[in-house]
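Residue numbering for the sequence shown follows the working numbering, starting at 12 and increasing by one per position.
To start, the structure itself, in structure tokens.
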Amino acid sequence: MLEPSYRPKELEERVRAYWDQNDIRRRVEEREDQREVVGYVEGPPTLNGEPHIGHVRGRFYKDLWFRYATLSGKKVIFRGGWDTQGLPVELQAAKELGITGEKHELVKIGMEKLVEKAKEMIKTYHASWISSDRLLGLMMDHEKDYWTYHDEYIEREWQILKAAWEEGLLGESYRVVGYCPHCQTALSHSEVSSEYELLEDPSLYYKAKLRDHRNRYIILWTTMPFTLITDIMVGANPDAKYSIVGVGDEEWVIASNRVTDLMKELGIEDYRVEGEVLGIDLKGKRYYYPLAEEVPKQAELDEKFKT
């Protein structure tokens, strides 16, 4: 018989209570009709914060896989794990201690205090994760979780590392890695690449008129137009070739290998290459501040200093 009203939270609590009272997870794990044993290693979440929607989605997928494998007659060792060491935990512990985590601060308060804070913190966040997993109805076996800071886990890592060394699987070489000056440590590939993405930056071309020519301009390109107000110099490759290009009654100084593409990009078909100079020939040339009308005060400074 259907109930007259649907109260999902009450139903969820009844289901969870039924699972707990009848020890459903253990009984599923010990079913006699299970044939193939399937191992599972939890890619452990880091205990430096509360679980967010991304974590929830991932844990749903894992639990669905467990249920499907179990219904397929397989015995799955579905145990959890917790990442309790490393930079994310250290930074969060330092934050909760009210410090930035820089080396001189850690020396001042003592590493023991930071370690104790980290242990206290991960236990707090662990309780939150367990509560969330229970609300989600996950079948994960948390009684046999592994913790990366436990001695037996660390010892096992050293055993594996030693075996790899003895079998000649380890080598020594040099490699360039990302480095965080604030944390004073190397960054893993995932820590660098996870934040990397291609962006479209605003860019523009503009002209700067040379002082020693009546109608000659240097054509400049920048991805940081917001710096134009206070820019005071122009850089040129001393060994590169720069073309003198006639456009109307003006002469533009453009990097020779960019003339064709630039004119096409600007939609200019009527132009002529009148000469060529090296970048070193531009050394010491002065130009007029291009935003003199828009920023008159900067133009005044321009007259006092060489640009």
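All C-beta atoms, glycine included, are put in the ideal place defined by N, C-alpha and C.
Predicted model only: the values in this text are computed from it and were never measured.
Using the DSSP secondary-structure output, state which residues sit across from residue i in a beta bridge.
i	result
Lys-173	Beta-bridge pairing links Lys-173 to no other residue.
Asp-152	Arg-90
Tyr-217	Leu-231
Ile-255	Val-264 and Gly-286
Leu-198	Gly-189
Thr-57	Asp-94
Tyr-298	Leu-221
For residue i, which residues from the same chain have a beta carbon less than 7 Å from its beta carbon, with the 5 sequence-adjacent residues on both sides left out?
i	result
Lys-220	Tyr-228, Tyr-298 and Tyr-299
Glu-261	Asn-226 and Tyr-228
Leu-273	Ile-265
Looking at the structure shown, is residue i part of a helix, part of a strand, or coil, going by DSSP?
i	result
Glu-183	coil
Arg-36	helix
Ala-266	strand
Val-48	strand
Thr-159	coil
Lys-275	helix
Arg-70	helix
Thr-95	coil
Thr-81	helix
His-115	helix
Thr-238	helix
Pro-307	helix
Ala-28	helix
Ile-64	helix
Val-203	helix
Ile-291	helix
Ile-243	coil
Ile-165	helix
Glu-314	helix
Note down, in chain order, each residue of its chain lying with its Cβ closer than 8 Å to the Cβ of residue i, except the 5 sequence neighbours on either side.
i	result
Gly-112	Glu-101, Leu-102, Ala-105, Lys-106, His-193 and Cys-194
Arg-283	Val-256 and Gly-257
Tyr-29	Ile-35
Leu-239	Tyr-217, Thr-233, Pro-301 and Leu-302
Asp-74	Leu-147, Gly-148, Leu-149, Met-150 and Met-151
Between which two residues does the beta strand (DSSP E) harbouring residue i extend?
i	result
Arg-227	227-233
Tell me which same chain residues have a C-beta within less than 6 Å of the C-beta of residue i, skipping the five on either side of it?
i	result
Leu-198	Gly-189 and Cys-191
Ser-139	Glu-61
Asn-248	Gly-290
Val-203	Gly-189
Leu-210	none
Arg-46	Gly-84
Val-48	Lys-86
Thr-57	Asp-94 and Pro-99
Phe-71	none
Between which two residues does the alpha helix (DSSP H) carrying residue i extend?
i	result
Ala-105	98-107
Arg-18	That residue, Arg-18, is in no alpha helix (DSSP H); it is neither H nor E in DSSP.
Asp-144	122-147
Leu-209	Careful: Leu-209 lies outside any alpha helix (DSSP H) and carries neither H nor E.
I want to see whether chain C comes within less than 8 Å of residue i, judged by CB atoms only; does it?
i	result
Leu-75	Although the question refers to chain C, the structure presented lacks it and comprises just one protein chain.
Evaluate the contact criterion for the region 242-256 versus the region 271-290: three or more CB pairs, one atom per stretch, below 8 Å.
Flag = yes, the region 242-256 and the region 271-290 touch.
Is the region 75-95 close to the region 112-124, with three or more CB pairs under 8 Å?
At 8 Å Cβ cutoff, the stretches do not touch.
Any contact of the region 124-135 with the region 70-88, i.e. 3+ C-beta pairs under 8 Å?
Contact fails: fewer than three Cβ-Cβ distances are below 8 Å.
Is there contact here, the region 138-156 with the region 21-29, by at least three beta-carbon pairs under 8 Å?
As far as the Cβ criterion goes, the region 138-156 touches the region 21-29, which means the pair count is three or higher.
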